[in-house]
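Residue numbers (my numbering): 4 to 71.
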């Protein structure tokens with residue numbers, strides 16, 4: 004089945020615990036109105052706050068603030 008969104012092997016480390024190799028898939032045809040907006044916002048915030056080696060271990064959010 005084809006996915007409209009596919010995120011693989013996301014990892015995030017916090018003091019005391021870690022998310023490791025998280026996969027998120029939304030199959031084509033998923034009715035996203037059934038997904039609570041708060042849940043989508045949490046995923047968006049989490050992705051935007053991940054520290055990225057390609058940005059010198061800054062998040063996408065930090066990089067976007069520096070561009071403005």
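Just so it is clear, CB atoms sit at the ideal spot from N, CA and C, and this is done for glycine as well.
*Between which two residues does the beta strand (DSSP E) harbouring residue 12 extend?*
6 to 17
*Tell me, which residues are paired with residue 28 by DSSP?*
Per DSSP, 9.
*Could you give the DSSP three-state label for residue 54: helix, strand or coil?*
It is a strand residue.
*CA-CA distance, residue 47 and residue 57?*
19 Å
*Look up residue 20 in the DSSP assignment and give the residues it is bridged to.*
17
*asked:* Just to confirm the assignment, what range does the alpha helix (DSSP H) spanning residue 69 have?
replied: 63 to 70
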